[in-house]
Every structure is written in structure tokens, then in C-alpha cells.
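Novice:
Numbering (mature numbering (1 follows the signal peptide of the UniProt record, and there is no 0)), first residue to last: -28 to -1, 1 to 428.
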């Protein structure tokens, strides 16, 4: 998929810089959809209850950009290694009140990222200054808090019960137009591979979603929240009937962690794997065409302790089907450390139930782009080579990412930089910060040793 045509509703999309599950059932089961006195059926009764929970969010802040200065031009910038620019911005987005008693509002991280001031406006015209309690960039979720003054909250649905074809309604503030409602169906579930987030497990819908809908609600016909709208697919950034939302269950798992810890403490299973496709199924003589294939299990990980083995195919989490490795990755990552999961595994033609307790990814895993732009798309974990030497394992790798383009592969172990040994992520970060010019990564791949070059 062409990354250029996938447009996340980043604040920049809506910014002017200062310098410039339910199925459609009988009317008796959906009382809000039926009417008295022979009137035409309408969603208005449901929306009367749902829309007060949808808010408009306006932000102001400063974006800071850093650009490395080439050696030949350093004297023009006082000899400094980098040029820092600050640019004020304003932006608009949407949000959903999920707890009226505590004043909790959920939105997308990119709506409020780098914001110095966040204003939440309700449908009745009241405005509140909001405090950001926490956020998760990789899942694009942020939790805000406003004064709990006679608020209306939206109940949450169990998004795992959604089915393709279920009717849904998108509510938000596209282009700054308050309280816009569009309708459609669930077009697909478990969408991933869009390269618009670190953890992708999206609900796809044809309900019209546009810029400014970011953080708004995807709602069932019962008026329950099934997803947080976050992205669109379109060549020009406009609606073409393909929008994406973060499932409400995934959002709730992340929000619960933010409320308890002030941050997301991501769960870690400890496997490397791939999607099941026809080629892999034929090569491995498998009788399934969907699931998450386990190619490697990290020693002493949650997967290893639970008994998962290389060659296993994970087909279910807690009784719910898993169609791809990306879906498994996103669902595991949204669960907190210590969460207990029941995995259904296909091993040598037989299905087994395996219970695992997730490890804490925050203890030893780093999203690599936080260390160096050339490593974006890789997840780094402290580990060991097959020979037992300490190093930094590439535990996950996005295809076609900068890290993949420099030659890194799943399972590689970085053991040195410019001939200087590194044993852990902290040392890697320090050495990369100090490195200038060309960087040579010493990588162990199986029994082979090689160098990958990063040109800055």
C-alpha cells in the first residue's frame, strides 16, 4: 500500500501555523430506531443521547524541529552541529467523554501532541481547560481530564463482538464543523500494514470521516462507543469511504494503564513471527490460512515460560480469532504487563490452549526511532546472540521501514558501533548520540557477523 495515500488526522492536517457491536435487528430490539405515530424511522433518539459525549478539542503549542548542519555550512550557524527551529501552531480535533464523574476524555495522541494549551468544548457551548494525563504515541491514544461538571459520558461496547456488516455512526468535528454525524457499516476488522502507527488493529468503515474527526467516536446503533476514529485512506486527504478507528477494547486497555500508572506499561509476549499466507502454509504443510506464525521465541520471555514453541501458529486470544501477526502484536501490546492471556495454538496439526502472563515491555524494549531516525520501524530488546554474547535484539521490524532499508532483519543482534562493543539499549543510545558522520553497526545474524552502514 502506498504510504502517501494513507492520511492520519495529524494536528498538522487541521493546523494553521501562527506564522502563516450491534447487528441490524428488529425495531423492537432497537427502540430508538422505531417511532410512534407512524413517523419515519430515525437515528435521532440515539444521537440525542450520544452526541453530548462528543467534544471539540482546540490546541495551541510549539513544534520544535532539529536539522543537522552539514560540516561545510557550520560556520554560518556559529559552529553548531544542529539548527533548532520553533514554530507555533493551532489545531482542531475531536474527543469522547468516557467517564462523566471523573471528567475523562479520550482523543488521539496526534491531536494533542506538543500542545501547550488544550481547550475542550461541549455541545452546550461550555469550555474547559484540559490536562493531559498520559498518551501512547504508538497506538495514537491520549487521555485528558476536564472539570467533571454535569457531563454526559458514552458507554463502551465490546469491540471484539463487532462483525463485518454491523451498522455504525461516526461523530466528530470535521473541518471545524461541530457535531457532524455520518453513517455506514463495519467494512473490515483487524486492518494492519497501513504504516500509520506502531500497533495497528483497526476497524475499517465506510462512514464518512474527514480531517478534524480525529479522536471522535465510532458508535453502534445502541449508542455505544466501538472505536476512536483516527485515520483515512484517500489520495487527497478527503473521504473516499475508507476510514479507520481504534477498537474500544484496545483503547480501554491503554486508558486503564494511563489511569493507574500515568503511562502505558505495554505487555510483552516475546516472539518473532509473521503472517500466515498461502506460501508459508504450503511450505509448512499447514491446514490454516490465517493466524500468527511463531518463528522464534525469546529465552525467558512470557512465551517461553508459557510453553510456546517456534513453529506454533497462534490462532486465538482469549477465544477470539487472530488473523495476522500484526493483529496479535497490537492486541498483546495494548494489554498491560502482567495480563494473563489464553492463547490457542496450532502445533503439528493439533490445537492446544496455552496460558501466558505478559512481561513488561517498558523494562527492556525501546522503540528505535527514539534513539536514531535510521532505526525507525525496529523494536529493540536487550538480549543475547546465539553464542551467548550480550547485545540488542531486533525483536520486531516493520517492512519497508528505514531500519529495514539499511538492512536490519528480525532477530538481528546489534553488538557494536564503529568497532566499539555495546551490550544493551542504554549503551546503544549513548554511542549513537556521540557518533558523528558515518555509523557502522556491527550485527550478528545467526552465526554470521556483518556491518550495516548509516550515513548521516
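Glycine is no exception: its CB is placed at the ideal position from the N, C-alpha and C atoms. Predicted, not measured: the structure shown is a model, and the values here were computed from it.
Under the assumption that residue 434 contacts residue 31 (Cβ atoms under 8 Å), give the Cβ distance between them as a whole number of angstroms.
Specialist: The shown model of the chain, from -28 to 428, leaves out residue 434, and the question about it has no answer.
Novice: Under 8 Å: do the segment 220 to 229 and the segment 250 to 260 share three or more Cβ pairs, one atom per stretch?
Specialist: Flag = no, the segment 220 to 229 and the segment 250 to 260 do not touch.
Novice: Quick one, which of 74, 146 and 144 has its alpha-carbon nearest residue 116's?
Specialist: Stepping through the chain shown from its first residue, residue 116 is reached at position 144. Of 74, 146 and 144, the residue nearest in Cα terms is 74.
Novice: Any contact of the segment 355 to 373 with the segment 318 to 329, i.e. 3+ C-beta pairs under 8 Å?
Specialist: They do not touch, by the three-pair rule.
Novice: Which stretch, first to last residue, makes up the beta strand (DSSP E) that contains residue 147?
Specialist: By one-based count along the chain shown, residue 147 stands at place 175. From DSSP, residue 147 is part of no beta strand (DSSP E); its letter is neither H nor E.
Novice: Are the segment 230 to 237 and the segment 175 to 187 touching by the rule of at least three beta carbon pairs closer than 8 Å?
Specialist: In short, these stretches do not touch, since the Cβ pair count stays below three.
Novice: Kindly indicate the opening and closing residues of the beta strand (DSSP E) around residue 80.
Specialist: Along the chain shown, one-based indexing puts residue 80 at 108. Where residue 80 is concerned, there is no enclosing beta strand (DSSP E), given that its DSSP letter is neither H nor E.
Novice: Can you give the Cα-Cα distance for residue -3 and residue 27, rounded to whole angstroms?
Specialist: Your numbering for residue -3 matches position 26 in the chain shown. Your numbering for residue 27 matches position 55 in the chain shown. Residue placement at residue -3 cannot be trusted, given a pLDDT of 38 that sits under 50; what the coordinates show is reported in the next sentence. So the alpha carbons of these two residues sit roughly 31 Å apart.
Novice: Since I believe residue 213 is in contact with residue 201 (beta carbons under 8 Å), could you give me their beta-carbon distance rounded to a whole number of angstroms?
Specialist: Position 229 of the chain shown, counted from the first residue, corresponds to residue 201. Position 241 of the chain shown, counted from the first residue, corresponds to residue 213. That belief does not hold up - the Cβ atoms of residue 201 and residue 213 are roughly 14 Å apart, past 8 Å.
Novice: Less than 8 Å between the CB atoms is what I'm expecting for residue 90 and residue 84, so what's the real figure, rounded?
Specialist: On the chain shown, residue 90 is found 118 positions in, with the first residue counted as 1. On the chain shown, residue 84 is found 112 positions in, with the first residue counted as 1. Correct: roughly 6 Å between the Cβ atoms.
Novice: Using C-beta distances below 6 Å, list every residue in its chain close to residue 435, excluding the 5 sequence neighbours before and after it, in chain order.
Specialist: Residue 435 is absent from the structure shown; the chain starts at -28 and stops at 428.
Novice: Please classify residue 278: does DSSP put it in a helix, a strand, or coil?
Specialist: In the chain shown, counting from the first residue as 1, residue 278 sits at position 306. Helix at residue 278.
Novice: Would you mind sorting residue 60 into buried or exposed? The rule is 16 or more other CB atoms within 10 Å of its CB.
Specialist: Sequence index remark: in the chain shown, residue 60 carries index 88 (1-based). Exposed is the call here.
Novice: Between which residues of its own chain and residue 367 is the CB-CB distance below 6 Å, once the five residues before and five after are set aside?
Specialist: In the chain shown, residue 367 corresponds to position 395, counting from 1. Closer than 6 Å at the Cβ level, and outside the excluded window around residue 367, lie 351 and 353.
Novice: Apart from the five residues on each side of it in sequence, which residues of its chain come closer than 8 Å, Cβ to Cβ, to residue 410?
Specialist: Your numbering for residue 410 matches position 438 in the chain shown. So the list reads 425, 426, 427 and 428, once near-sequence residues are dropped.
Novice: Assuming residue 244 and residue 88 are in contact, meaning their beta carbons sit under 8 Å apart, how far apart are those beta carbons, in whole angstroms?
Specialist: Within the chain shown, the letter at position 272 stands for residue 244. Within the chain shown, the letter at position 116 stands for residue 88. Actually they are not in contact, since the Cβ atoms of residue 244 and residue 88 sit about 40 Å apart, beyond 8 Å.
Novice: Look at residue 189 and residue 123 and say whether their C-beta atoms are less than 8 Å apart.
Specialist: Counting from one through the chain shown, the residue named residue 189 turns up at place 217. Counting from one through the chain shown, the residue named residue 123 turns up at place 151. Contact: no.
Novice: Which residues does DSSP pair with residue 265 in a beta bridge?
Specialist: Working through the chain shown from its first residue, we reach residue 265 at position 293. Answer is 246 and 285.
Novice: Could you pull the start and end residues of the alpha helix (DSSP H) that residue 19 belongs to?
Specialist: Position 47 of the chain shown holds residue 19. Per DSSP, residue 19 belongs to the alpha helix (DSSP H) from 16 to 22.
Novice: Going by C-alpha distance, which of 263, 172, 82 and 139 is nearest residue 193?
Specialist: Along the chain shown, one-based indexing puts residue 193 at 221. Among 263, 172, 82 and 139, the Cα nearest to that of residue 193 is on 139.
Novice: Kindly indicate the opening and closing residues of the alpha helix (DSSP H) around residue 219.
Specialist: Position 247 of the chain shown, counted from the first residue, corresponds to residue 219. No alpha helix (DSSP H) holds residue 219; the beta strand (DSSP E) holding it covers 215 to 219.
Novice: Going by DSSP in three states, residue 345 sits in which element: helix, strand or coil?
Specialist: Taking the first residue of the chain shown as position 1, residue 345 is located at position 373. DSSP places residue 345 in helix when its eight states are reduced to three.
Novice: Below 6 Å CB to CB, which residues in the same chain sit around residue 246 once its five sequence neighbours on both sides are set aside?
Specialist: As a working mapping, residue 246 is identified with position 274 in the chain shown. Excluding residues within five positions, the ones whose Cβ falls inside 6 Å are 265 and 297.
Novice: By DSSP's criteria, residue 59 is part of a beta bridge. Which residues make up the other side?
Specialist: By one-based count along the chain shown, residue 59 stands at place 87. DSSP, once it has assigned bridges, lists 35 as partnering residue 59.
Novice: For residue 386 and residue 407, which I take to be in contact (beta-carbon distance under 8 Å), what is that distance rounded to the nearest angstrom?
Specialist: As a first step, residue 386 must be located in the chain shown, where it is residue number 414. As a first step, residue 407 must be located in the chain shown, where it is residue number 435. That belief does not hold up - the Cβ atoms of residue 386 and residue 407 are roughly 13 Å apart, past 8 Å.
Novice: Please classify residue 419 as buried or exposed, where buried requires at least 16 neighbouring CB atoms within 10 angstroms.
Specialist: Along the chain shown, read from residue 1 onward, the residue named residue 419 stands at position 447. The residue is exposed, with fewer than 16 neighbouring Cβ atoms inside 10 Å.
Novice: Going straight from the alpha carbon of residue 146 to that of residue 104, what length do you get?
Specialist: As a first step, residue 146 is located in the chain shown; it is residue number 174 there, counting from the start. As a first step, residue 104 is located in the chain shown; it is residue number 132 there, counting from the start. Looking at the two C-alpha atoms, the distance is approximately 22 Å.
Novice: Roughly how many angstroms lie between the CA atoms of residue 378 and residue 23, to the nearest whole one?
Specialist: In the chain shown, residue 378 corresponds to position 406, counting from 1. In the chain shown, residue 23 corresponds to position 51, counting from 1. Cα-Cα distance, rounded: 48 Å.
Novice: What's the call for residue 86, buried or exposed, on a 16-neighbour Cβ count within 10 Å?
Specialist: As a first step, residue 86 must be located in the chain shown, where it is residue number 114. Per the 10 Å Cβ criterion, exposed.
Novice: Which residue marks the beginning of the beta strand (DSSP E) containing residue 325, and which one marks its end?
Specialist: For the purposes of this step, residue 325 is taken as residue 353 along the chain shown, with counting starting at 1. Looking at the DSSP string, the run of the beta strand (DSSP E) that includes residue 325 is 322 to 329.
Novice: For residue 153, which of 19, 309 and 349 has the nearest alpha-carbon?
Specialist: Mapped onto the chain shown, residue 153 falls at position 181. Of the listed residues, the one whose Cα sits closest to residue 153 is 19.
Novice: Tell me which residues share the same chain as residue 191 and place their Cβ nearer than 7 Å to its Cβ, disregarding the 5 neighbours each side in the sequence.
Specialist: As a working mapping, residue 191 is identified with position 219 in the chain shown. Closer than 7 Å at the Cβ level, and outside the excluded window around residue 191, lie 22, 140, 141, 143, 197 and 198.
Novice: Using CA coordinates, which residue listed in 203, 304 and 332 is at the minimum distance from residue 314?
Specialist: Here residue 314 is taken as the residue at index 342 of the chain shown, counted from 1. Selected option, being the one with the closest Cα: 304.
Novice: Give the DSSP-derived three-state secondary structure of residue 73 in the structure shown.
Specialist: Working through the chain shown from its first residue, we reach residue 73 at position 101. Three-state DSSP puts residue 73 in coil, outside helix and strand.
Novice: Just confirm the distance between the C-beta atoms of residue 159 and residue 172, as a whole number of angstroms; I'd bet it's less than 8 Å.
Specialist: Position 187 of the chain shown, counted from the start, is the residue given in the question as residue 159. Position 200 of the chain shown, counted from the start, is the residue given in the question as residue 172. That belief does not hold up - the Cβ atoms of residue 159 and residue 172 are roughly 15 Å apart, past 8 Å.
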